[in-house]
Every structure is written in C-alpha cells, then in structure tokens.
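The structure appears right after this line, and notes come after that.
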Amino acid sequence: LDLGSQLPRAVERGEMEIHYQPVVDVLSHRPIAFEALLRWKHPKYGLVSPCHFIPIAEETGLIVPLGQWVLDTALAQAQEWRSRISGASELRIAVNLSARQLQDAGLFDTVADAIGRAGIDPAAVELEITESTLMKDVDRSMATLTRLRSLGVGLSVDDFGTGYSSLSYLSRFPVTTLKIDRSFVEGLGGADVHAQPIVAAVTVMAAALGLDVVAEGVETPDQLAELEKLEVGAAQGYLWAEAMPPGEVAPWLAGAV
Ligand code: G
Ligand code: G
Ligand code: MN
Ligand code: NA
C-alpha cells in the first residue's frame, strides 16, 4: 500500500472528496453547521479515511496545498448552500486544520483568500484545531490564532479533553468553541461513571469562559438526553448522520428542517 507516492497526484486527478457531517442544536434539533471531512476516493482501495493519509500529508508538507484546496472547496460549497437552499442561510462550515498548517506562514492569507473567493461571511467559518496541536507551540499558536480570529472566523478546540491544556492558556487563547471528544460522549448514560461529570465540568467551564460547546460522536438517544440535561449547546454524530457526499446535503436538510 503505497499511498505516499500517489498522494501528490490525487488532488489533480480529482480523487479527493469532501464529505460533510451535520452539527445540530441540541434543543431545537436544527442543523447549525457542517464539518468538512476529507476522503480520498482511491481508484484501487475505495474511500480512504484521512487517518491513513493526513499523517503522510503532514510529513511531506503536502497538507499545505491539500488544506488550501479543502478550505477553498468547503467554503465555496457552504456559500452555495447558504444562498440556494431555503432555511440554510445561517449554516456554518467547520474545517479541520493540522499542526503543519498552523505553522505555515501563509495560513492567514490562505484563509482570507478562501473567504474572499467564496464570498462567505467570515462569521460562518469555523476552524478546528486539536487541543494537542494548540499546545504544541503555544506562543506561535497564540499569534496565528489571534490574526485568524481578527478576520471574524470562529476557532474550535477539537478533541477537547484528550490533551493537556491548562485553564490559564485556554482562557487566553482567542478560541470560541470547545468540541468535547467523543471518548467522553461515548460513556454518557452508560457504565462509565466518569463521563457524565467530565462533560458536565467542561460545559460549566465553557460557559464561564464564554465558549460554545459541541459534543462529538453522539450515537444514541440516551446520550442526547444526557446532553440536554447538561445543557450542552450543540452536537454531532451518527445519531443524526455520518459525513455525507455534497450531493446528499440538500435532500438531508429538506428532511431535517
Ligand atoms: O472523518 P474521519 O473520522 O475519518 O476523520 C479522521 C480524522 O481526520 C479526524 O481527526 C479529522 O479531524 C481528520 N480530518 C478529516 N478531514 C480533514 C482535513 O481536511 N484536514 C485535516 N487536517 N484533518 C482532517
Ligand atoms: O477529530 P475529528 O473530531 O475532526 O474527527 C471526526 C471523526 O469522527 C470523523 O472521522 C467522523 O467520521 C467521526 N465521527 C463522527 N461522528 C461519529 C460518531 O457518532 N461515532 C463515531 N464512532 N465516529 C464519528
Ligand atoms: Mn474535527
Ligand atoms: Na474531534
């Protein structure tokens, strides 16, 4: 399996696809955003998950042009939905950024250009950075995120709870949302006695810091009921939908709203 040598050609061959997973408001159950999730439609291996090729793209630096393509494509797609689909004018779009992209001096221009080309409201754009990436190089992350935030985009801490961010850093970073890692959501309403208090604590802390919360990986109605009780604002997971190809989004929205 030599994905590495084929990766450089994959974008120009049109083998990369972005699938979109809805994020819903926990109280109203209405979709509020979609997260862009990359897939490689490999001619031989079928749909390849990003966990198999993002690390290669990181190592080789290919993540920079690939990430630029994701931003351009996802923002243009989101703006198309916002302008065309009735009831979708407020939909937001979340895009994942990797460590290498955060270190790239061109990131600010890449994001600003993608917003400009798509003609999308910057406030409709959410950039997701994992907690561990954020904490890797705190000073540099801080400077880059401050510039990005000045554009008006939202900044999410992805996989929250799996890293080691201190409260003091968290309150100083210009982030707007915490995405609670699905390992905590998984245990809600089940055998894991720690899951509920952890999700509760994160939610209270987020409220105190003025941050939004998204629970990831929600799969069951019991988990959703717990999230409602804990007053978690938003959620995503297989309970609503897996990431879907762009063509399925409009029909899905028609059934969801
Ligand atoms: O969709 P899935 O669960 O297979 O995604 C696996 C991992 O790949 C997740 O951690 C997700 O954040 C990451 N990922 C998906 N799309 C992108 C992308 O466009 N850029 C980056 N950097 N990571 C992505
Ligand atoms: O790291 P990040 O949160 O960006 O990755 C999201 C990943 O989680 C994607 O690969 C997506 O396909 C996956 N995912 C989304 N919803 C669920 C879910 O309800 N259950 C599980 N097991 N995975 C999910
Ligand atoms: Mn994510
Ligand atoms: Na995550």
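Position in the sequence shown (first residue = 1) + 203 = the numbering used here.
Don't be surprised by glycine CBs; every beta carbon is placed ideally from N, CA and C.
Take the alpha-carbon of LYS339 and the one of ASP361: they are about 14 Å apart.
Counting along the chain, PRO448 sits inside no alpha helix (DSSP H), nor does DSSP assign it H or E at all. Cα atoms of ALA302 and ALA453: separation of roughly 32 Å, rounded to the nearest angstrom.
In the structure shown, GLY207 falls within a helical segment according to DSSP collapsed to helix, strand and coil. Collapsing the DSSP output to three states places ASP342 in a helix. It is roughly 20 Å from the alpha-carbon of SER344 to the alpha-carbon of ILE257.
For SER359, the beta-bridge partners assigned by DSSP are GLU331 and THR380.
At a threshold of 7 Å, GLN439 counts as near ligand 2, since its beta carbon sits closer than that to one of the ligand's heavy atoms. Rounded to whole angstroms, VAL416 and ARG285 show a C-alpha spacing of 23 Å. Remark: the shortest separation between the CB of GLU422 and any heavy atom of ligand 2 falls under 7 Å. Looking at ALA213, PHE376 and LEU274, the one whose alpha-carbon comes closest to that of ALA315 is LEU274. Between ligand 3 and the CB of ASP361, the shortest heavy atom gap is smaller than 7 Å. Within a 10 Å sphere around the beta-carbon of ASP395 sit fewer than 16 other beta-carbons, which makes this residue exposed. Taking 7 Å as the cut-off, one finds at least one heavy atom of ligand 1 near enough to the beta carbon of GLY270. Around the beta carbon of PRO225, 16 or more other beta carbons sit within 10 angstroms, so the residue counts as buried. In this structure, the C-beta of LEU442 stays at least 7 Å away from each heavy atom of ligand 1. Shown here, VAL405 sits in a helix according to DSSP, grouped into three states. For ALA446, the Cβ falls inside the 7 Å cut-off from some heavy atom of ligand 1. In this model, SER289 and MET447 are separated by some 19 Å (Cα to Cα).
For VAL328 and ASP205, the gap between their C-alpha atoms comes out near 34 Å.
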